[in-house]
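Here the structure comes first, spelled out in structure tokens, and everything after it is commentary.
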Amino acid sequence: MTQHSRRRLLFGGAAVGAGVLLAGCTSNEKQTPTEAQTKAADGGGNAEPGKQVTIGFSAPAADHGWIAAITNNAKAQAAAYSDVEFKTVEAGADAAAQRAALSTLISQKPDVIVLLPHDGKELNSFGLEAMQAGIPVVNLDRAFPDAKAYRLQIKGDNYGMGVAAATFIVEQLKAKGVSNPVIAEIAGMDELELTQERTKGFNDTLAQHGLKVANRRAARFTVDSGQQEASQLLQALPKIDAIWNHDDDQGIGVLAAFNQANRNEFFMVGGAGSKKAMEDIKADNTVLKATVTYSPSMASSAISLARLIGQGRGMSDLVELQVPKEIVLASETITKENASDYLKLGF
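Going by my numbering, 142 is the number at position 132 of the sequence shown; the sequence numbering is gapless.
Following this line, the structure appears as structure tokens:
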């Protein structure tokens, strides 16, 4: 994993300033964030009202539960502050449409913009434009490659997800005494850097134990694509010992494909930490035995930190006078043993 010379903070699901705790999702239905996903401005420290701040926000349409949680959490967190005005602009169907909507937002001159781009590389130029116009940009999840395109970048640890998933799989295979295991992978959208980072973390960790992936399929973070790619994976491999599926939303389709094919000789690790996945893990009645987190609560933290940036304040628990440049949320492994602890944080 690339090491940055810039200062980086890692939070393992802990509150950030007036931010939030870990959350996960699988439902496409609109969800109301719980207090575990958003933290009210209840007085003291950074929560004390300050300068009025207008925060512009844009994220792709809620085509699956994780993205829906991103927008819902951002809105709820903004509403917790009396000194924040929240302006949402439609992201459209692709990067070009989102770029056009964001140009309109720049003309409105918000104090800060929080942006989850369709594609970080394609929207990098917008980040540069906004920053050059004097509007700080909080880059959420899908990373801009140019550090000049954002004031703050907050995202999950994609490489760490792969490491966590592989570590669990290796431990389970050793415990079962499996030699020469057949390991499979169902990734997300391959054109996204975050998917590439997840796969790299997975491959690197397996390689440290002399293992490798026998077959890899790339889905689209959706139920239908998960089912389709899982079906093809099963056809390619008559026997499997372990599978890592990158995303719990598409995991619903993946599990459906397994059930349809009546295949259960393997165990699976999920990704993101959805409530449905946690319930299945706790019940221990499917092949899904663990999931590695990628918290959509980062949207709530992004709003909290954007507010502080707009007000010229730093994080009250830090000595530094400014909000850090980068924040990466650690990926945690949820199993049958700790699923009950995390369920209340689901959405």
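Every residue, glycine too, gets a C-beta built ideally from N, C-alpha and C.
Between Gln242 and the set Asp259, Val264, Asp327, Leu183, the nearest pair of CA atoms involves Val264.
Fewer than three pairs of CB atoms, one per stretch, sit closer than 8 Å, so the region 292-299 makes no contact with the region 53-71. By the neighbour-count definition (other C-beta atoms within 10 Å, threshold 16), Asp200 is an exposed residue. For the pair Ile179 and Ala312, the CB atoms are not nearer than the 7 Å cut-off. Residue environment: Ala143 is assigned as exposed (fewer than 16 neighbouring CB atoms within 10 Å of its CB, all protein chains considered). Contact annotation: the region 249-263 touches the region 181-196, with at least three C-beta pairs closer than 8 Å.
Bridge partners of Asn255 according to DSSP: Ile196. Listed in chain order, the non-local C-beta contacts of Pro155 below 7 Å within the same chain comprise Gly130, Lys131, Asn134, local neighbours out to five positions each way being set aside. Here Arg161 is actually not in contact with Phe136; their C-beta atoms are around 14 Å apart, not less than 8 Å. Under the DSSP assignment, Ser350 falls in the alpha helix (DSSP H) whose first and last residues are 349-353. Of the candidates Ala107, Ala106, Ala140, the residue whose Cα lies closest to the Cα of Lys119 is Ala140.
Excluding residues up to 5 positions away in sequence, Gly66, Ser68, Lys97, Val99, Ile123 lie with their Cβ nearer than 8 Å to the Cβ of Leu115 in the same chain. By the criterion of a C-beta distance shorter than 7 Å, Gln321 is surrounded in its chain by Gly60, Lys61, Val63, once the five residues flanking it on both sides are discounted. In summary, Pro248 is exposed, with fewer than 16 beta-carbon neighbours lying within 10 Å of its beta-carbon over all protein chains present. Taking the C-beta atoms as reference points, Leu216 is found no nearer than 7 Å to Ala252. Around Ala287, the same chain offers Asp258, Gly280, Thr301 as residues with beta carbons nearer than 6 Å, after the five sequence neighbours per side are excluded.
In this structure, DSSP gives Gly324 a state outside helix and strand, which the three-state scheme calls coil. Bridge pairing for Met278: Ile253, Leu298 [DSSP]. Secondary structure of Ala71 (DSSP, three-state): coil.
For the 7 Å CB-CB criterion, Ala246 and Asn269 do not form a contact. Arg317 carries a helical assignment under DSSP once its states are collapsed to helix, strand and coil. In the three-state reduction of the DSSP assignment, Phe96 falls in the strand class, which pools E and B.
For Leu204, the closest alpha carbon among the candidates Val192, His219, Val188, Arg230 is that of Arg230. Residue burial is scored here from C-beta neighbours: Asp327 has fewer than 16 other C-beta atoms within 10 angstroms and is therefore classed as exposed. Ile77 carries a helical assignment under DSSP once its states are collapsed to helix, strand and coil. Comparing alpha carbon positions, the residue from Val223, Ala103, Glu239 closest to Pro127 is Ala103. Residue Met171 holds the alpha-carbon nearest to the alpha-carbon of Ser305 among Ala228, Met171, Ala111, Ala88. Secondary structure of Ala267 (DSSP, three-state): helix.
Annotation: Gln238 to Ala72 spans about 21 Å, alpha carbon to alpha carbon. In the assembly as shown, Lys346 is an exposed residue. Its beta-carbon has fewer than 16 other beta-carbons within 10 Å.
In this model, His256 and Arg208 are separated by some 8 Å (Cα to Cα).
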